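Peer 1:
2 protein chains.
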Amino acid sequence: MNKNEPSENETGTTGTDFMHGLAIDAVIFGFHDHQLKVLLMRYNKTGVVALPGGFIHKTENLNDAANRIVSERTGLKNIYLEQFYVFGDYGRSDPRPMKDILIANNITHDDNHWLLQRFISVGYYALVDFTKVVPKPDTIFDSCAWYDLAIIPKLMQDHNTIILKALASLRTDLDNKLIAFNLMQEEFTLGDLQILYETILDKKLLRPAFQRKMLSLGILERVAKKWTGAAHKAPYLYRFSKNI
Amino acid sequence: MNKNEPSENETGTTGTDFMHGLAIDAVIFGFHDHQLKVLLMRYNKTGVVALPGGFIHKTENLNDAANRIVSERTGLKNIYLEQFYVFGDYGRSDPRPMKDILIANNITHDDNHWLLQRFISVGYYALVDFTKVVPKPDTIFDSCAWYDLAIIPKLMQDHNTIILKALASLRTDLDNKLIAFNLMQEEFTLGDLQILYETILDKKLLRPAFQRKMLSLGILERVAKKWTGAAHKAPYLYRFSKNI
DNA sequence: TCAAAAGTGTTCGTGATACACCCATGT
DNA sequence: ACATGGGTGTATCACGAACACTTTTGA
Numbered sequence: 001m002n003k004n005e006p007s008e009n010e011t012g013t014t015g016t017d018f019m020h021g022l023a024i025d026a027v028i029f030g031f032h033d034h035q036l037k038v039l040l041m042r043y044n045k046t047g048v049v050a051l052p053g054g055f056i057h058k059t060e061n062l063n064d065a066a067n068r069i070v071s072e073r074t075g076l077k078n079i080y081l082e083q084f085y086v087f088g089d090y091g092r093s094d095p096r097p098m099k100d101i102l103i104a105n106n107i108t109h110d111d112n113h114w115l116l117q118r119f120i121s122v123g124y125y126a127l128v129d130f131t132k133v134v135p136k137p138d139t140i141f142d143s144c145a146w147y148d149l150a151i152i153p154k155l156m157q158d159h160n161t162i163i164l165k166a167l168a169s170l171r172t173d174l175d176n177k178l179i180a181f182n183l184m185q186e187e188f189t190l191g192d193l194q195i196l197y198e199t200i201l202d203k204k205l206l207r208p209a210f211q212r213k214m215l216s217l218g219i220l221e222r223v224a225k226k227w228t229g230a231a232h233k234a235p236y237l238y239r240f241s242k243n244i
Numbered sequence: 245m246n247k248n249e250p251s252e253n254e255t256g257t258t259g260t261d262f263m264h265g266l267a268i269d270a271v272i273f274g275f276h277d278h279q280l281k282v283l284l285m286r287y288n289k290t291g292v293v294a295l296p297g298g299f300i301h302k303t304e305n306l307n308d309a310a311n312r313i314v315s316e317r318t319g320l321k322n323i324y325l326e327q328f329y330v331f332g333d334y335g336r337s338d339p340r341p342m343k344d345i346l347i348a349n350n351i352t353h354d355d356n357h358w359l360l361q362r363f364i365s366v367g368y369y370a371l372v373d374f375t376k377v378v379p380k381p382d383t384i385f386d387s388c389a390w391y392d393l394a395i396i397p398k399l400m401q402d403h404n405t406i407i408l409k410a411l412a413s414l415r416t417d418l419d420n421k422l423i424a425f426n427l428m429q430e431e432f433t434l435g436d437l438q439i440l441y442e443t444i445l446d447k448k449l450l451r452p453a454f455q456r457k458m459l460s461l462g463i464l465e466r467v468a469k470k471w472t473g474a475a476h477k478a479p480y481l482y483r484f485s486k487n488i
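These protein sequence lines map, in sequence, to chains H and P. For the first sequence, my numbering assigns the number 1 to the initial residue and increments by one for each residue that follows. For the second sequence, my numbering assigns the number 245 to the initial residue and increments by one for each residue that follows.
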């Protein structure tokens, strides 16, 4: 018998076989109402809150698994994903919350159940258009919702640390890669974009400098239409130019 | 019976238990004779060449495992290590070379042997002082030696890709983090350091600009002693200043 | 007409680029 | 003396910081 072949249903979901000892945790960032948001799962019976995550099928590419996991929670396709760190400390895997969840779900298990073993987790962060996301709970966590980055509760295991590291990675990537647009809707003003940058970097930026910098990148396309609304000059709308 | 408990010796080494499906591959960079070098393992019977690598003990921190693996091959302690990417494509694990090695080592196995399963590998790069390294083979690979980065042979699995990605990471980190000094001996001239930078970045740098940039970082300490040797002005020796 | 925010012009300072020059040293 | 490479001085340019000014819009 192949000891890598599971002899039981591995979660409440299906009997599909996953790699053991390895997981994916996803920090899904969204931006709304001048605030950075993170998508979190909550298991209401026990109150455990955790990052969306999942496992890798035995014949699945790691990056495909990350895409699948984020797609399942958001309902989106073609998501911007970035691997940022592997969390591999032995002590990070406190089996207690998972055990509570198994008990509450009436999943038969003993202390050697694979979900109670030590896990190493690959951290991904995703940037999504907040307005397009339809959060979907999974079979274990019965709630999936946006949390303001400023008021994240105590999360399962080291997930608070993972979020901090994801944010740090996002900040350093922001200047090097051109990824902020993934957090915006198709059309946006430079003012909106500046607020996003200021929120992520947590500091004020100078408007003239910011505008020139963004426009000099040559990846923004000015849309002929203009904004309508308030008592001041109408800003231009821009869209990210796909044809580089 | 605990299916995670191995029922056999897992390598030729010892009976210690490793996590399955997860490995570490290390790109160990050295600098010598105006060339970037990489430490590679070669199994002479089959001619397979591979990156130094290893597995994670079931109760070991991931980063500790990386340190251990690099220490075992180099004989060094306190090595500069950086996690840079996780290689997780399903197709990356061609079992053929490992099978040949097992056969040549007279290790009993069937096709379900854990070393022949699919592996996801965490990539680390290490920066070491070439002159201090004493390369040590392991129980499987009977040679461990420096290879010029410009002439790397075809390696096992996707290890050539891993090296390329490590080099790319090293290049981007070079400007952001202050890590080049890990590749130098304790005392060095600015000329030496410039050659190192030029080699890594693969482009010429302007001497005056480079010197001012390095000195303006405020992390170099000029040593009173001077060089002795050739028919020109003696350059100053510097050392990396630990007291930032 | 005025307030508010968008967009542009201009000055200033820093740091990189590029080149010139002087310094120390062995042959 | 002189070739060789190390170290420094200096002019120029590019870019961001900082601020001023004009433009557009609704009340």
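Cβ atoms here follow ideal geometry from the backbone N, Cα and C, with glycine treated the same way. Only a predicted model underlies this, so the values are computations on that prediction, with no experimental measurement involved.
1. Please return the same chain residues whose Cβ sits closer than 7 Å to the Cβ of ARG239 of chain H, not counting the five positions on each side in sequence.
2. To which residues does DSSP link SER365 of chain P through a beta bridge?
3. Determine the chain P residues that contact ILE120 of chain H at a beta-carbon separation under 9 Å, and present them in chain order.
4. Would you call the stretch 22-41 of chain H and the stretch 151-166 of chain H in contact, with 3 or more CB pairs under 8 Å?
5. Can you find a CB in chain H that lies within less than 8 Å of the CB of GLY297 of chain P?
6. With a Cβ-Cβ cutoff of 8 Å, do LYS132 of chain H and LEU170 of chain H count as a contact?
7. With 16 as the cutoff for other CB atoms within 10 Å, does LEU201 of chain H come out buried or exposed?
8. For ILE200 of chain H, which of helix, strand or coil comes out of DSSP?
9. Applying a beta-carbon distance threshold of less than 9 Å, which residues of chain P neighbour THR161 of chain H?
10. Where does MET214 of chain H sit, in a helix, a strand or coil, going by DSSP?
11. So, at 6 Å on beta carbons, what are the nonlocal neighbours of LEU40 of chain H in its own chain, with the 5 sequence-adjacent residues on each side left out?
12. Got a sec: is the Cβ-Cβ distance from THR59 of chain H to anything in chain P below 8 Å?
13. Cβ of ASN288 of chain P within 8 Å of Cβ of ASP386 of chain P?
14. So, at 6 Å on beta carbons, what are the nonlocal neighbours of ASN426 of chain P in its own chain, with the 5 sequence-adjacent residues on each side left out?
15. Quick check on the DSSP output: what are the complete alpha helix (DSSP H) runs of length 4 or more inside the stretch 377-423 of chain P, in order along the chain?
16. Since ALA66 of chain H is in the alpha helix (DSSP H), which residue starts that stretch and which ends it?
17. Return yes when the Cβ of ARG92 of chain H is within less than 8 Å of the Cβ of ASP192 of chain H, no when it is not.
18. Do the stretch 81-90 of chain H and the stretch 114-123 of chain H touch if we need at least three Cβ pairs shorter than 8 Å?
19. Note down the Cα distance separating VAL38 of chain H from LEU155 of chain H, rounded to an integer number of angstroms.
20. Of all the options P:SER485, P:ASP308, P:TYR334, which has the alpha carbon lying nearest to the alpha carbon of GLY462 of chain P?
21. Tell me, please, whether the CB atom of GLN429 of chain P is closer than 8 Å to any CB atom in chain H?
22. May I ask you to report which of helix, strand or coil DSSP gives LEU116 of chain H?
23. Just checking TYR236 of chain H against the ligand SAM - is the residue's beta carbon closer than 7 Å to any of the ligand's heavy atoms?
24. If I follow the unbroken beta strand (DSSP E) through LYS37 of chain H, where does it start and stop?
25. Distance, Cα to Cα, LEU102 of chain H vs MET428 of chain P?
26. Under a CB-based cut-off of 8 Å, is TYR329 of chain P close to chain H?
27. ALA234 of chain H to LEU190 of chain H, Cα distance in whole Å?
28. Can a CB atom of chain P be found closer than 8 Å to the CB of TYR43 of chain H?
29. Just to confirm the assignment, what range does the alpha helix (DSSP H) spanning ILE347 of chain P have?
30. For LYS448 of chain P, collect the residues of the same chain with a Cβ closer than 7 Å to its Cβ; drop the 5 residues on either side in sequence, then sort them by chain order.
31. Check whether the Cβ of GLY332 of chain P lies closer than 8 Å to any Cβ atom in chain H.
32. Have a look at LYS380 of chain P and LEU22 of chain H and give me their C-alpha separation to the nearest angstrom.
33. Determine the closest residue to MET458 of chain P out of P:TYR334, P:GLY297, P:ILE423, P:THR318, with distance taken between C-alpha atoms.
34. Would ASP100 of chain H and THR46 of chain H be called neighbours here (beta carbons separated by less than 8 Å)?
35. Any idea what DSSP makes of LEU252 of chain H, helix, strand or coil?
Peer 2: Taking the structure as given:
1. GLU186, GLU187, GLU221, VAL223
2. Bridge partners of SER365 of chain P according to DSSP: P:ALA267, P:PHE331.
3. Neighbours of ILE120 of chain H on chain P, chain order: MET263, LEU266, ILE300, LEU306, VAL366.
4. yes
5. no
6. no
7. exposed
8. helix
9. Result: empty, since nearest Cβ-Cβ is about 14 Å, beyond 9 Å.
10. helix
11. So the qualifying residues of the chain are VAL49, TYR147.
12. yes
13. At a Cβ-Cβ threshold of 8 Å, ASN288 of chain P and ASP386 of chain P count as neighbours.
14. Answer for ASN426 of chain P: TYR324, LEU371, listed in chain order.
15. 403-420
16. 62-74
17. no
18. yes
19. Going from the Cα of VAL38 of chain H to the Cα of LEU155 of chain H covers about 12 Å.
20. P:SER485
21. It does not: the Cβ of GLN429 of chain P has no partner Cβ on chain H nearer than 8 Å.
22. helix
23. Among the components modelled here there is no ligand, and therefore nothing to report on the ligand SAM.
24. 35-43
25. 53 Å
26. yes
27. 12 Å
28. no
29. Counting along the chain, the alpha helix (DSSP H) containing ILE347 of chain P begins and ends at 339-348.
30. GLU442
31. yes
32. 30 Å
33. P:ILE423
34. yes
35. This structure gives no information on residue 252 of chain H, because the portion of chain H shown stretches from 1 to 244.
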